[in-house]
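J.: Below you'll find the structure I mean.
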Amino acid sequence: MHRHNPSISVCTAILTVSDTRTKENDTSGKEISNLLTEQQHTVHDYQIVKDELSLITSTIQDWCKNPLIQMIIITGGTGFTPRDVTYEAVSSLLDKEMQGFGELFRSLSYIEIGPKSMFSRAVAGSLDGKAIYALPGSTNAVKLALNKLILPTCQHFVEELNRQ
177 MHRHNPSISV
187 CTAILTVSDT
197 RTKENDTSGK
207 EISNLLTEQQ
217 HTVHDYQIVK
227 DELSLITSTI
237 QDWCKNPLIQ
247 MIIITGGTGF
257 TPRDVTYEAV
267 SSLLDKEMQG
277 FGELFRSLSY
287 IEIGPKSMFS
297 RAVAGSLDGK
307 AIYALPGSTN
317 AVKLALNKLI
327 LPTCQHFVEE
337 LNRQ
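First residue of the sequence shown: 177, per my numbering; consecutive thereafter.
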């Protein structure tokens, strides 16, 4: 079994997708930042964009051009309202999708919130050697995804993406 180096710090960009949140009231974006820094990872950039496909895709594409950024975590816009387009933006860009991420996230969510978990369109994968995760906008969903799925595996994912 390939083991990852747990001492590696992953350089991350955080994107909140919302028509209403600001840096002052974005509890989910702040929670992502706090959980990452608690685990000695770095936050290279943090932005908030409106629920618009072009804004989401252009931000992701710009970050993928930055050699310092290794991981992108997006929160918000993964539901079923007409304005929710994060899933479409992310899935249209991915080189490879990590199907197990969405499945595991919804399974863990089901334990906490029941059948409403099936409305989450959380998705993860890779683009241009970067790990990308798209999460719901709720702070509880962010905590669940980071603590149970992302933080225990992100170093391994980044190492796999950069293995020759």
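Using N, Cα and C, we set each Cβ at its ideal position, and we do this for glycine too. Note that the structure is a prediction, hence the values are computed from the model and not measured.
Buried or exposed, going by whether 16 or more other CB atoms sit within 10 Å of the CB of G305?
T.: exposed
J.: Given this structure, state the Cα-to-Cα distance separating L211 from H220, to the nearest angstrom.
T.: L211 and H220: Cα-Cα distance of roughly 14 angstroms.
J.: Relative to the C-alpha of G252, which residue among I287, L270, G205 and S185 is closest?
T.: Of the candidates I287, L270, G205 and S185, the one whose C-alpha sits nearest the C-alpha of G252 is G205.
J.: How many Å lie between I190 and I250 at the Cα?
T.: 6 angstroms
J.: Compare the C-alpha of I224 against each of C240, E214 and K199 and name the closest.
T.: K199
J.: Look at the Cβ atom of T254, then the Cβ atom of A310, and state whether they are nearer than 8 angstroms.
T.: yes
J.: Below 8 angstroms on the Cβ atoms is my guess for I245 versus C187; work out the distance and round it to an integer in Å.
T.: 6 angstroms
J.: From the DSSP output, in three-state form, read off S302 for me.
T.: strand
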